[in-house]
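Enquirer:
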Amino acid sequence: MVVAHFPAMLLFSFLVSVVFGVLAKNTPRERIIYGAWVFAAFVGVALVLGWIMYPVP
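Count along the sequence shown from 1, then add 34; that gives the number in the numbering used here.
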């Protein structure tokens, strides 16, 4: 089974954001908000870095 880069990045970002949310915040609402923010930050930074590195041979 081969997973492409983008779905692997999404899966990794989701799992890490869940762990960060559970460990960093106390209430379920704070966990969800923080987890969503971390997920968006992971995906956003990865897309921006990928876009910047695309022309590099």
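Here a beta-carbon is modelled for each residue, glycine too, at the ideal position from N, C-alpha and C. Quick caveat, the model's predicted, so the values are computed rather than measured.
(1) Under the assumption that G55 contacts R65 (Cβ atoms under 8 Å), give the Cβ distance between them as a whole number of angstroms.
(2) Please report the straight-line C-alpha distance between M43 and V77, rounded to a whole angstrom.
(3) According to the neighbour-count rule (16 or more other Cβ atoms, all chains shown, within 10 Å of its Cβ), is G84 buried or exposed?
(4) Within 10 angstroms of the Cβ of V72, are there 16 or more other Cβ atoms? Answer buried if so, exposed if not.
(5) Which one of M87, A70, T61, P91 has the shortest CA to CA distance from L49?
Expert: By the coordinates alone:
(1) Within the sequence shown, numbered from 1, the residue matching residue 55 stands at position 21. Within the sequence shown, numbered from 1, the residue matching residue 65 stands at position 31. That pair is a contact at about 4 Å.
(2) Counted from its first residue, the sequence shown places residue 43 at position 9. Counted from its first residue, the sequence shown places residue 77 at position 43. Roughly 8 Å separates the two Cα atoms.
(3) Here residue 84 refers to the residue found at position 50 when the sequence shown is read from its first residue. Under this definition G84 is an exposed residue.
(4) Taking the sequence shown and counting its residues from 1, the one referred to as residue 72 is at position 38. The residue in question, V72, is buried, as its Cβ has 16 or more Cβ neighbours within 10 Å.
(5) Residue 49 sits at position 15 when you count from the first residue of the sequence shown. Ranked by how close their Cα comes to the Cα of L49, the residues M87, A70, T61, P91 have A70 in first place.
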